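**Q** One structure, pasted below without further comment.
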Amino acid sequence: MATGRRRKEVRKQALNVKVNGEKHELLIEPNALLINVLRDELALTGTKYGCGIGQCGGCTVLVNGEPVLGCLTLAVAVDGADILTIEGLSKPDRSLDPVQEAFLDHSAIQCGFCTPGMVMMGKDLLNKNPAPSEQEIREHTRGNICRCTGYTSIVRAIKSCSK
Amino acid sequence: MVNTRILTQEFDYFVPETIRETLELLRQYGSEAKILAGGTDLITQLKQEKISPDYLINIMKIPELNHIEETGGLRIGSATKLCDIKEYCAKDRKYTALYEALCSLGKIQVLNMGTIGGNICNGSPAADTAPPLLAFNGRVKLLSERGERVLDLTDFFKGVNNTAMAPDEMMIEIHLDPAPDDTGSAFTKIARVGADISKITCAGVVERHGDICASCRISLGAVAPVPMRGKETEKILQGNRIDTFLVEKAGKKVAEEINPIDDIRSTAEYRRNIAATLFKDVFWKAWQRAGGEKR
Numbered sequence: 760m761a762t763g764r765r766r767k768e769v770r771k772q773a774l775n776v777k778v779n780g781e782k783h784e785l786l787i788e789p790n791a792l793l794i795n796v797l798r799d800e801l802a803l804t805g806t807k808y809g810c811g812i813g814q815c816g817g818c819t820v821l822v823n824g825e826p827v828l829g830c831l832t833l834a835v836a837v838d839g840a841d842i843l844t845i846e847g848l849s850k851p852d853r854s855l856d857p858v859q860e861a862f863l864d865h866s867a868i869q870c871g872f873c874t875p876g877m878v879m880m881g882k883d884l885l886n887k888n889p890a891p892s893e894q895e896i897r898e899h900t901r902g903n904i905c906r907c908t909g910y911t912s913i914v915r916a917i918k919s920c921s922k
Numbered sequence: 007m008v009n010t011r012i013l014t015q016e017f018d019y020f021v022p023e024t025i026r027e028t029l030e031l032l033r034q035y036g037s038e039a040k041i042l043a044g045g046t047d048l049i050t051q052l053k054q055e056k057i058s059p060d061y062l063i064n065i066m067k068i069p070e071l072n073h074i075e076e077t078g079g080l081r082i083g084s085a086t087k088l089c090d091i092k093e094y095c096a097k098d099r100k101y102t103a104l105y106e107a108l109c110s111l112g113k114i115q116v117l118n119m120g121t122i123g124g125n126i127c128n129g130s131p132a133a134d135t136a137p138p139l140l141a142f143n144g145r146v147k148l149l150s151e152r153g154e155r156v157l158d159l160t161d162f163f164k165g166v167n168n169t170a171m172a173p174d175e176m177m178i179e180i181h182l183d184p185a186p187d188d189t190g191s192a193f194t195k196i197a198r199v200g201a202d203i204s205k206i207t208c209a210g211v212v213e214r215h216g217d218i219c220a221s222c223r224i225s226l227g228a229v230a231p232v233p234m235r236g237k238e239t240e241k242i243l244q245g246n247r248i249d250t251f252l253v254e255k256a257g258k259k260v261a262e263e264i265n266p267i268d269d270i271r272s273t274a275e276y277r278r279n280i281a282a283t284l285f286k287d288v289f290w291k292a293w294q295r296a297g298g299e300k301r
C-alpha cells in the first residue's frame with residue numbers, strides 16, 4: 760500500500776485565479792485540492808467538505824461558469840480560471856442572491872451543510888434555464904446529497920426562482 | 007479505506023500543450039506517471055492511496071484532444087468532456103445509446119469534469135460509456151514515440167483496472183461506426199440511485215431490415231472483469247426474423263454468457279437474472295428505434 764511520502768522537494772507552483780471577482784496570486788503545492796485552497800488559503804469556508812470522494816456534491820463551486828467538485832479538483836489545474844463560490848453570490852452590500860433568499864423563505868435549510876452546494880447547483884440551472892420544471896431541478900441536483908432537510912423544500916425553493 | 011481531507015501523496019505536475027510534449031514526458035517518466043484527464047476517478051484513487059504516481063500529466067490543455075466530428079462515423083478526442091459529448095449527441099440522437107449512457111452517468115459536476123478517455127482508460131468494468139462505445143464498434147487510437155496503433159475496444163480492455171495501453175502510450179481518439187437510419191440503439195443501467203456506480207449496464211445497436219435483424223451488437227458492463235460484447239447472443243439474433251420467442255432465447259444466452267461476481271453493489275445471481283431482462287428492454291427499444299419510431 761502506498762503511503763504519503765516526501766520523495767524530494769516538490770516545487771510549488773504559481774496559481775493565478777479570480778475568485779468571486781477578486782484576483783489572487785498564490786504559491787501552492789501540486790497536490791493541493793481546490794477546496795482546501797479556497798477554505799484555508801482564501802478563508803472562504805462557505806464551500807463544504809463532505810465525503811471527499813465526489814459522492815455528496817457539498818464542495819460544488821463554479822469554475823468558468825460550470826459546476827465542479829472542489830474536493831476532486833487539483834488547484835493547479837484551474838490556473839487562470841474564474842471561480843465562483845457561495846460567498847460570491849451575495850452582493851457587495853451583503854444582501855443575498857434570490858436563490859439564497861428562496862432557500863430561507865422555503866425553509867430549505869436544516870443543518871445547512873449541503874446548502875452551499877445545493878444553492879450553487881440551483882444557481883447554475885437557473886443561469887442556463889430560467890424556467891426549469893421540477894423534474895429538471897431534481898435531475899440537475901441529483902448529485903447533491905442532503906441528509907436532513909429533505910429534498911422537497913429544496914426543490915420548491917429553486918422552483919420559486921423560476922421565471 | 008483511506009480518505010483524507012488532503013492529498014498526502016506528492017508528485018510533480020505537468021501541463022503539456024502539445025501531444026508531442028506529452029509523449030516526451032511519457033517516454034521519460036512512463037510507469038511513474040499518470041495521465042490526468044478530468045480527475046474524478048484519478049484523484050479519488052490518489053486520495054484512497056490506491057495509486058502513487060511520481061508525476062501527473064494533465065492533458066486537458068491540448069486542443070487536438072478535444073473534438074467531436076462525424077467523418078466516417080463519430081470521432082471523439084480522448085480529452086473531450088463528457089458534457090460536451092452529451093450535448094452533441096442530444097442534437098440528432100443518432101448515437102442514442104451513448105446519449106442515454108451519458109444522461110445516466112454520475113452527476114452534472116462529474117460530466118463537467120470527466121472525459122471520455124478518462125472514463126475508459128481507467129479500465130473500470132463499470133464504466134458507463136464502455137457498453138455504448140463497444141456497441142458502436144469502437145476503436146481507439148493510441149500513440150507513443152514508438153508509433154501509432156489502433157485497437158478494437160474489445161482488445162483494449164484487459165481486466166479490472168487494466169488496459170492494453172503501454173506506460174509510454176496515450177489515447178488520442180475514439181472512433182465509432184456510422185449510425186445510418188436503419189439502425190437503432192439503446193442503453194439501460196441499473197443503479198441504486200441516480201448518481202451511483204452501476205450494478206449492471208447494457209447497450210445494443212441493431213440494424214433492421216423489415217422484420218429481419220440484419221446485424222446487431224450487444225454489450226454489457228459490470229458483469230465481467232471487463233466491459234464485454236455478448237457475441238453468442240448476437241449470433242442468435244443476426245440474420246433472423248425477430249419475434250418474442252427469439253428475443254427470449256437471446257435473453258437466456260445473455261445470462262449464460264456473462265461472468266458476474268458478488269460485490270458491494272450486487273450479487274452474481276441478481277446480475278444474471280436482471281441481465282436477461284435488461285437485454286430484452288434494450289433490444290426492443292433499439293429495434294423500435296431502428297424501425298423509425300420516435301426516439
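Chains as they are written, first to last, in my numbering: chain A, 760 to 922; chain B, 7 to 301.
For every residue, glycine included, the Cβ atom is placed at its ideal position computed from N, Cα and C.
Predicted, not measured: the structure shown is a model, and the values here were computed from it.
So the candidates are H865/A, E800/A, D883/A; which of them puts its Cα closest to the Cα of V820/A?
**A** Within the first sequence, the letter at position 61 stands for residue 820/A. The shortest Cα separation from V820/A among H865/A, E800/A, D883/A belongs to D883/A.
**Q** How far does the beta strand (DSSP E) with I63/B in it extend, from its first residue to its last?
**A** Translated into the one-based positions of the second sequence, residue 63/B becomes position 57. Segment 61-64, the beta strand (DSSP E) holding I63/B.
**Q** At which residue ranges does the segment 141-186 of chain B contain complete beta strand (DSSP E) runs of 3 or more residues, listed in the order of the chain?
**A** 145-150, 153-158, 163-165, 176-182
**Q** Enumerated in chain order, which unbroken segments of the alpha helix (DSSP H) with a length of 4 residues or greater are wholly contained in the segment 793-872 of chain A?
**A** 857-864
**Q** Tell me the rounded alpha-carbon separation between L139/B and D864/A.
**A** Sequence index remark: in the second sequence, residue 139/B carries index 133 (1-based). Sequence index remark: in the first sequence, residue 864/A carries index 105 (1-based). Between L139/B and D864/A, the C-alpha separation is close to 46 Å.
**Q** Could you tell me whether any Cβ in chain B is nearer than 8 Å to the Cβ of E825/A?
**A** Here residue 825/A is taken as the residue at index 66 of the first sequence, counted from 1. Under the Cβ distance rule, E825/A counts among the residues neighbouring chain B, one pair being separated by less than 8 Å.
**Q** Against chain A, does I114/B count as a neighbour if the rule is that its beta carbon must be under 8 Å from one of theirs?
**A** Position 108 of the second sequence, counted from the start, is the residue given in the question as residue 114/B. So, interface residue.
**Q** Given A834/A, which residues of its chain have a CB within under 7 Å of its CB, disregarding the five upstream and five downstream residues?
**A** Translated into the one-based positions of the first sequence, residue 834/A becomes position 75. Taken in chain order, the residues that qualify are L774, I787, A791, L792, L793, V796.
**Q** Closest to T207/B by CA distance: which of I63/B, P186/B, A230/B, Y101/B is it?
**A** Looking up residue 207/B in the second sequence gives position 201. Per the Cα distances, A230/B.
**Q** With three or more beta-carbon pairs closer than 8 Å as the criterion, would you say the segment 11-22 of chain B touches the segment 54-64 of chain B?
**A** yes
**Q** Can you name the start and end residues of the beta strand (DSSP E) that F17/B belongs to?
**A** The residue you call residue 17/B lines up with position 11 of the second sequence. Taken as a continuous stretch (DSSP letters only), F17/B belongs to no beta strand (DSSP E), as it is neither H nor E.
**Q** If we define contact as Cβ-Cβ less than 8 Å, is G813/A a contact residue for chain B?
**A** Start at 1 with the first residue of the first sequence, and residue 813/A comes out as number 54. For G813/A, the answer is yes, since a Cβ of chain B falls inside 8 Å of its Cβ.
**Q** Is there at least one Cβ from chain A nearer than 8 Å to N64/B's Cβ?
**A** What you label residue 64/B is simply residue 58 of the second sequence in a count that begins at 1. By this cut-off, N64/B is an interface position.
**Q** The beta strand (DSSP E) that contains K113/B, what's its start and end?
**A** Within the second sequence, numbered from 1, the residue matching residue 113/B stands at position 107. No beta strand (DSSP E) contains K113/B, which DSSP labels as neither H nor E.
**Q** Using the three-state DSSP reduction, which class does L13/B fall into: helix, strand or coil?
**A** Indexing the second sequence from 1 puts residue 13/B at position 7. L13/B: coil per DSSP, three-state reduction.
**Q** Residues in its own chain within less than 7 Å of D287/B by CB, not counting five upstream and five downstream?
**A** Residue mapping note: residue 287/B aligns to position 281 of the second sequence, counting from 1. Result list for D287/B: T194, in chain order.
**Q** Alpha carbon to alpha carbon, what distance is there between K97/B and L71/B?
**A** Taking the first residue of the second sequence as 1, we reach residue 71/B at position 65. Taking the first residue of the second sequence as 1, we reach residue 97/B at position 91. Cα to Cα, L71/B sits roughly 22 Å from K97/B.
**Q** Going by CA-CA distance only, name the one from T86/B, D134/B, G190/B that's closest to Y101/B.
**A** Numbered from 1 along the second sequence, position 95 holds the residue referred to as residue 101/B. For Y101/B, the nearest C-alpha among the options comes from G190/B.
**Q** Give the residues of chain A in contact with N118/B, contact being defined as C-beta atoms less than 7 Å apart.
**A** Here the question's residue 118/B lines up with position 112 in the second sequence. What N118/B touches in chain A: E825, P826, V827.
**Q** Give the residues of chain B in contact with T832/A, contact being defined as C-beta atoms less than 8 Å apart.
**A** One-based indexing of the first sequence puts residue 832/A at position 73. Going along chain B in sequence order, the residues near T832/A (Cβ under 8 Å) are G45, I49, M119.
**Q** Near G124/B, which residues of its chain fall below 6 Å by C-beta distance, leaving aside the five closest residues on each side in sequence?
**A** Translated into positions along the second sequence, residue 124/B becomes position 118. The residues are A43, G44.
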